[in-house]
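Just so we're on the same page, the numbering used here is the position in the sequence shown counted from 1, plus 25.
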Amino acid sequence: MAWFGYDQGVFSVSSSPPTLRNGFQRPGTRTFLASRPVVSRYWLGAFFGAICAFTVSDKLRRKKSVTLGLICSSVGAILQIVSWYLPQMLVGRIINGFGMGATSSVCPVYQAECSKPSVRGKLVVVGSLCNTAAFCLSNWMNYALYFEGGPLQWRFALALQLIFPIVVTITLCFVPESPRCFSCEIATRRLNTSSPGLKAGTSTYMTPRW
């Protein structure tokens, strides 16, 4: 959730540094037209990432879904850091948003399934606090680098977010898989074994007799 909050603020229109404005500004204009697609493409990718994670997280299990989201977000972040043209930046924002939408939708579910009922509410509050704190950090980072010259202004702020996937990747190595995924798989296998009549054409077990 901290990474999600950081990405929410790192490219806010109000704090976009002048170097980024000049770098992606359309020739012959004085209006920073690049800020709008750069910001909106992130949320577009997050929308589709959340939908995709909702449909495949049960099949891939929670840890693998989070890992794929981390990979997408990291690739998108790297594309943004090394970008020199607006299309490259937009592609990076979409990929970053896709991965962020996937992880931000799977992580709360995974957290709730692996924690005790007595602490689930506290963990939700901690996640919201991390989101808000990272959002504040990104805005203060933009303000601190506002008066610096060169592309370091915005590239450093974008590169700083790579700390989050490193921490999450290390943490995933020590946490178990969600027990609900295993229980669902066991229940499905038992259902397929004990109810062959549910499969069409294999048995007349469920065929009514009059």
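Even glycine gets a Cβ: it sits at the ideal position worked out from N, Cα and C.
Inset, instruction - Answer yes or no: do Gly30 and Phe160 have a C-beta to C-beta separation smaller than 8 Å? - result: yes
Inset, instruction - Please name the residue in Met125, Ala127 and Val131 whose C-alpha comes closest to that of Glu202. - result: Val131
Legend entry - Contiguous alpha helix (DSSP H) assignments of at least 4 residues, all confined to the region 58-106: 60-85 and 87-106
Legend entry - Cβ-Cβ distance between Cys155 and Gly124 below 8 Å: no
Legend entry - Of the listed residues Thr92, Ala127 and Leu111, nearest to Val192 (C-alpha basis): Thr92
Legend entry - Beta-carbon proximity check, Leu183 vs Val63, cutoff 8 Å: no
Inset, instruction - Would you mind stating whether Ala137 and Gly94 have Cβ atoms separated by less than 8 Å? - result: no
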